[in-house]
Ligand SMILES: Cc1ncc(COP(=O)(O)O)c(C=O)c1O
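The following block contains the structure:
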């Protein structure tokens, strides 16, 4: 591990305060030209003596702006200290979690998984348009029917053609015949460029796509393609619990990955993570961003540096072994739930080693689903599935009353 270390609270505090110390101090330095400042101390609690033990709250109060991308070229000099922390988060995720080679990646902390997915698709759309002078509608965005709805947002915004691949009702695996026949149809109709989004754990089922199914099908057709991995849900889980590294950067077919620290990592909202291989992100450079020092290569404009700091603090508090233990504890609880459901004869889907259990709705009374906050696959139509996501707060104690009530209903 090059970046991921377990650090003490004192070490973490020292590093964050040192980074904040390298940023501009609005109260001490002359900073007359930026439309930015510290948080308003008529409203927020900003007493330095009270904040000296609270690095995250101090970062909120100091309010560093992380506009732009800090893994490439220059950045705004005012916030250099905390830009370094963001760069370290990107490198940690790319190298120590996703098996990438040293110094091989660009990326930034996005507002969430949605933005990181759109950023990736935008980047490949522009790459294909720049490289081969095609139009957006000629490009097909391929993803499975279990993929997150952000793919539809991206296709709509970027004017792409959509190809949705069926999955098997039970295993949730890609339907390879459907994939082949759809790709066949697209190529017959003249489409020669594909952006694939493969899932590293889907929202509803925790399922993981077979990336080879996509790449071998597209290769056999001789078309141009790029693969993005949506690890918004599974990026901090799947690499820890699975030996399958096909969806990480150790696979040369993977060009970019979305992670999301505000899900399993329990970071504050606003901590999506976009990571791509070097020599790609310039395709989304906005030349007109002249007032920003360095290049703006991101979908967002201004964004808070406190988000990057929170992810760095959480990952360094656990370290790689502590994180491994945390995820395996969630898996242990999920194994327990699976056994209880088996004993009750409830039909469910659980992807191997995932911490999502998705139950057939016919086995779960609606009022129980409502009472225990289970999430349906659809709020509009009659749901076919209800899921339980084993998060930090979802303990055996919190699941037991649900199991007990379900058992009573089954009598
Ligand atoms: C697999 C997957 N991708 C993308 C997203 C979108 O993430 P966000 O809500 O952070 O934009 C989600 C959210 O649940 C997700 O599960």
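Residue numbers (my numbering): 4 to 414.
Think of the CB as a built atom: it goes at the ideal place given N, C-alpha and C, for glycine as much as any other residue.
Being a predicted model, the structure only gives us computed values, none of them experimental.
query, result
"Three CB pairs or more closer than 8 Å across the stretch 263 to 270 and the stretch 221 to 237", "yes"
"Assigned exposure category for residue 358 - 16 Cβ within 10 Å defines buried", "buried"
"Within 8 Å, strictly: CB atoms of residue 67 and residue 26", "yes"
"Per DSSP, the bridge partner or partners of residue 261", "233 and 277"
"Close Cβ partners of residue 395 (< 7 Å) along its chain, the five nearest in sequence each way excluded", "269"
"Rounded Cβ spacing between residue 158 and residue 277 (contact assumed at less than 8 Å)", "About 18 Å; that fails the 8 Å criterion."
"Near ligand 1: residue 235 beta-carbon under 7 Å from a heavy atom", "yes"
"Collapsed DSSP secondary structure at residue 379 in the structure displayed", "strand"
"Collapsed DSSP secondary structure at residue 85 in the structure displayed", "helix"
"Reduced DSSP secondary structure (H/G/I, E/B, other) of residue 202", "strand"
"Cα-Cα separation between residue 2 and residue 301, rounded to whole angstroms", "Since the first residue of the chain shown is 4 and the last is 414, residue 2 is not available in this structure."
"Close Cβ partners of residue 169 (< 7 Å) along its chain, the five nearest in sequence each way excluded", "148, 178 and 181"
"Integer Cβ distance of residue 187 from residue 214, believed to fall under 8 Å", "Residue 187 to residue 214, Cβ: 19 Å. No contact."
"Contact belief for residue 362 with residue 335 at Cβ below 8 Å, rounded distance in angstroms", "With 8 Å as the limit, residue 362 and residue 335 do not qualify as a contact, their Cβ atoms being about 19 Å apart."
"Straight-line Cα distance separating residue 255 from residue 287", "22 Å"
"Contacts around residue 413, its chain only, beta-carbon distance under 7 Å, and the 5 residues preceding and following it disregarded", "347"
"Short Cβ contact (8 Å threshold) for residue 309 with residue 21", "no"
"Distance, residue 192 Cα to residue 7 Cα", "48 Å"
"Contact the stretch 208 to 226 vs the stretch 78 to 91: 3+ CB pairs below 8 Å", "no"
"Reduced DSSP secondary structure (H/G/I, E/B, other) of residue 384", "coil"
"Candidates 247, 198, 340 and 238, of which the one nearest residue 227 by Cα", "198"
"Sub-8 Å separation of residue 273 and residue 9 beta-carbons", "no"
"For residue 108 and residue 74, believed in contact at Cβ under 8 Å, the rounded distance", "7 Å"
"Start-end ranges of the beta strand (DSSP E) lying completely within the stretch 99 to 166, minimum 3 residues", "108 to 113 and 142 to 147"
"Per-residue DSSP class, three states only, for residue 32", "coil"
"Under the three-state DSSP convention, the category residue 267 falls into", "coil"
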